[in-house]
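> Input: one structure, supplied below.
Chains as they are written, first to last, in the numbering used here: chain A, 1 to 251; chain B, 1001 to 1446.
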C-alpha cells in the first residue's frame, strides 16, 4: 500500500534560519495522527510546507503525496489532488461572499481533476446540509469570507470547507486555538464525522485537550524541528503530565 | 520679451495641426451666427493655451503635449462597411431594455438608434439639429462650457460635430434607461468630437448609460466628448459610464453637471479601454440639500494611461458628496485620480468625503492619487484619504490553498476590491452592468 503522505528527512529554512532539521513522518489512509510540541518546534512550518505556502525554502528531503512529489505542485494543484489545510488563523476576505467563494473553489478543484462543474442547485443543497450539521446559519454564508466571524465560526467554516471539498489528507493546524469548550466540541464533532478509511488527518496541537475529542491513532512529539517521539494516544496523556521539557535534550 | 510670441513658439505640431483641422472643417460644422462665434473664440482660447502639459497643474499627470503625438483628421461620415461593423458591435454593447442612441464615428446613426415610442415628457434630437434650429435656452446650455478655461473643453466646443440632446420635462419619471453608445468604426485613423446634453426637469427621474466601444476593424482613433447635464430640483439621475474603447484609442471626455435643490445624482465611471484617456467631471451644487455620489474604477494594464479627474463644487449650503474611487493596475498601467472638492464660503453644512485606493499588480504599474480639499466655510464635514498597495499575499494563499489557480484567486480579490466602488451604485441594473464590465476586464486578463 502506498502511504498517503510521506515526509522524509525534510529540511526547511525560513530567511536563512533552519526550522525543520530532518523531519520524517508517514501517514496512511484512514489514520489520524496528532503532532504535538511546544511553540517554535516547527509544527506550523510543516503544515505550511505541505500546503505550499511561499517563503519556505526546502533545502533537503522530500514530501510525497500518494507517491507523487508534493513540493513540485502549486498550492491549488495540491488542493485539487486532495490536500487540505485547516488554517490556524483563517483570513477574512471582505467583498468575497462565502457562498461564491465555496462554489468557485469547489468548481476550480473539480475542473483541475477533469470533473464536471457542480450545478448550482446541487451545490446549494450540499452546502445547506453540511452547514446545518455544523450549526452554521445561512446568513453567515452570505457574508464576506470569515468577515465578522467569531473564532469558533471561523473554525467551523474551515470544517465546512473540509466536508465540502472531501479531501484525502486533512491537516488541522491548532484547530483548538481560541475556542471555548463548546465551540471545540462542535468543531471536533464535525471533524470526527469526516473520519473514514480513505481519509487521513494530521492534527497539530499544543494541548492534549483536543485529543479527547479527536482521538488519534498515532501521536508524534516534535521538538526543534524533528519528530523526537512517536506512540499511541496514551503518549498525549503522558505529555500533559510531564510537559515537553523532557524532549529538549533528545532534540 | 514678447510673451505671445514665446507661447506660440512653444506650441507643438499637434496643436498647430488641430488649429488647421478646424480651419478646414469649420464650414461644415453645425451652427451659424452666435454658435460660430463661440466656436471661433473657443478655438482661439485653445490656440492660446495649446495642448495641456505637465506644468498645467490640472493636467500634471497627463501631459498631452508629449503623449498626443499626432492629430487625426476629423472622421468622415461612416460608410456602409463602417455602419455594418458598428451594427455588429452594438449587439453586444446594447443594454437590454434601454433606449439606444448611437453615435458612429461621432455622427448620430438613426438606423441604429431607437427613437420609437418616446415616453411622455421625453424629447430627443441631435446636437446638429439643436445647434442649427434649437431654441436659445438649449443652445446656451450646450455652450455653457465656454466658461471653462480647460483647453480640451475649448477644443471640443470649437469642433463638436454631433451628439444627442435629451430633454426630460418636469415630473417625468422615465422607466426606460437611455443608453448613449459611442462606436468607433472607421477604417482610417480619425478624430471625433461629440457633445451631448441631458436636461432632467424638476422632480423628473432618469437613468443614463454611456458606452464607448470600438467595432472590430476600427483603426486607432481619438474621441473627444463632452456631456452637459442639468439635474432639476427634487430630480434624480442615475448615471453609469463605461469606457471600453480600443486599446490604441485616445479618449478625452468632460462632463459638466449642475445639480439642483434636493436632487440626487448617483454616477459611476469605469475606464478599462483606451491607450490614453482622461475623464473629467465638473459637478456643481446649484441648489441646497442635493446629494451626489461620484464613484469610479480604472482598470488598466499593458501601457494604458487612464486619468479620472473630478471636481466637486459646493457652491451652496447643505450639500452632500461622496467619492469612492478604485484603480487596479497591471503591467505598466498608469492610473491618475484627481479629486478636488471646493467648499465655497457660503456652503455651510457641506458634508463631503472622498476615498481613493489603488491596487498595483506589477512593480512597473503606477498610481497617482491627488485628493484636494479647498474649504472656505467653517461649519463643514470634509475628509479624504488615499492608499496604494498590492494584493494581500495571505489572502491569495488562502484562496489558492482552496484550489483556485493564481489568476482566478487574483480575480476574486480584484473583483472584491473594485466592488467597494461599484456597490455604491444605487440602481441594481446599473450595478450589474458595472460588475459585468469589470468581469470583462478580468476575463480578458486570462
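C-beta atoms are modelled at their ideal positions from N, C-alpha and C, and glycine is treated no differently. Every value quoted in this text rests on a predicted model; they were computed, and no experiment measured them.
(1) Does the beta carbon of residue 93 of chain A come closer than 7 Å to any beta carbon on chain B?
(2) Check whether the segment 198-215 of chain A touches the segment 170-179 of chain A, counting contact only when three or more Cβ pairs, one atom from each stretch, lie closer than 8 Å.
(3) What residues match up with residue 1321 of chain B in a beta bridge as DSSP calls it?
(4) Give the C-beta separation of residue 1349 of chain B and residue 1380 of chain B to the nearest angstrom, bearing in mind that I take them to be a contact with Cβ-Cβ under 8 Å.
(5) Using the three-state DSSP reduction, which class does residue 1172 of chain B fall into: helix, strand or coil?
(6) Tell me the rounded alpha-carbon separation between residue 1317 of chain B and residue 1384 of chain B.
(7) From the DSSP output, in three-state form, read off residue 1436 of chain B for me.
(8) Quick one: grab the DSSP three-state call for residue 1265 of chain B.
(9) So who's on the other strand from residue 207 of chain A, going by DSSP bridges?
(10) Please look up how many angstroms separate the CB atoms of residue 1045 of chain B and residue 1154 of chain B, rounded, as I've assumed it's under 8 Å.
(11) Taking 6 Å as the limit between beta carbons, can you name the residues of its chain near residue 1455 of chain B, skipping five residues before and five after?
(12) To the nearest angstrom, how far is the alpha carbon of residue 143 of chain A from that of residue 101 of chain A?
(13) Pick helix, strand or coil for residue 29 of chain A, following the three-state DSSP scheme.
(14) Going by DSSP, what residue range makes up the beta strand (DSSP E) through residue 1014 of chain B?
(15) In angstroms with no decimal places, state the Cα-to-Cα distance between residue 1052 of chain B and residue 1014 of chain B.
(16) Alpha carbon to alpha carbon, what distance is there between residue 1407 of chain B and residue 119 of chain A?
(17) Could you name the residues of chain B that residue 76 of chain A contacts, counting a contact when the two beta carbons are closer than 7 Å?
(18) Can you check whether the C-beta of residue 109 of chain A is within less than 7 Å of a C-beta belonging to chain B?
(19) Using the beta-carbon of each residue, which ones in chain B are nearer than 9 Å to residue 275 of chain A?
(20) Going straight from the alpha carbon of residue 1209 of chain B to that of residue 1427 of chain B, what length do you get?
(21) Using the C-alpha atoms, what's the distance from residue 1107 of chain B back to residue 1439 of chain B?
(22) Return the Cβ separation of residue 67 of chain A and residue 2 of chain A in integer angstroms, given the expectation that the two are a contact with Cβ distance under 8 Å.
(23) Using a C-beta to C-beta distance shorter than 9 Å, which residues of chain B count as neighbours of residue 161 of chain A?
(24) Please list, in chain order, the chain B residues whose beta carbon lies closer than 9 Å to that of residue 112 of chain A.
(25) I want to verify the contact list: residues of chain A whose CB lies under 9 Å from the CB of residue 1339 of chain B, in sequence order.
(26) May I ask you to list the residues that DSSP assigns as paired with residue 1337 of chain B?
(27) Leaving out five residues before and five after residue 1004 of chain B in sequence, what residues of the same chain have Cβ atoms less than 6 Å from its Cβ?
(28) Hey, out of B:1266, B:1116, B:1310, whose CA is closest to residue 1293 of chain B's CA?
(29) Alpha carbon to alpha carbon, how far is residue 1256 of chain B from residue 1244 of chain B?
(30) Looking at chain A, is there any beta carbon in it that lies within less than 7 Å of the beta carbon of residue 1416 of chain B?
(31) Below 8 Å on C-beta distance, what does residue 1419 of chain B contact in chain A?
(32) Assign residue 251 of chain A to one of three DSSP states: helix, strand, or coil.
(33) Please decide whether residue 105 of chain A counts as near chain B, where near means a Cβ-Cβ distance under 7 Å.
(34) Determine, using beta carbons only, whether residue 51 of chain A comes closer than 7 Å to chain B.
(35) What residues match up with residue 1104 of chain B in a beta bridge as DSSP calls it?
(36) Please identify the residue among A:130, A:18, A:33 whose C-alpha is closest to the C-alpha of residue 4 of chain A.
Once the coordinates are examined:
(1) yes
(2) yes
(3) B:1292, B:1352
(4) 7 Å
(5) coil
(6) 19 Å
(7) helix
(8) strand
(9) For residue 207 of chain A, which the question treats as bridged, DSSP gives no partner whatsoever.
(10) 4 Å
(11) A question about residue 1455 of chain B goes unanswered here, because the residues of chain B that appear run from 1001 up to 1446.
(12) 11 Å
(13) coil
(14) No beta strand (DSSP E) contains residue 1014 of chain B, which is instead part of the alpha helix (DSSP H) from 1013-1025.
(15) 11 Å
(16) 23 Å
(17) 1400, 1403, 1404, 1405
(18) yes
(19) An answer regarding residue 275 of chain A cannot be provided, because it is not within the stretch 1 to 251 covered by chain A.
(20) 12 Å
(21) 30 Å
(22) 5 Å
(23) 1402
(24) 1403, 1405
(25) Within chain A, no residue comes near residue 1339 of chain B; the closest Cβ sits about 22 Å away, beyond 9 Å.
(26) B:1308, B:1369
(27) Since pLDDT at residue 1004 of chain B reaches only 41, below the 50 mark, its modelled position is unreliable, and the value read off the structure follows with that caveat. So no residue of the chain qualifies.
(28) B:1266
(29) 21 Å
(30) yes
(31) 95
(32) In this prediction, residue 251 of chain A scores a pLDDT of 44, lower than 50, which makes its location untrustworthy; no coordinate-derived value is stated.
(33) yes
(34) yes
(35) B:1107, B:1183
(36) A:33
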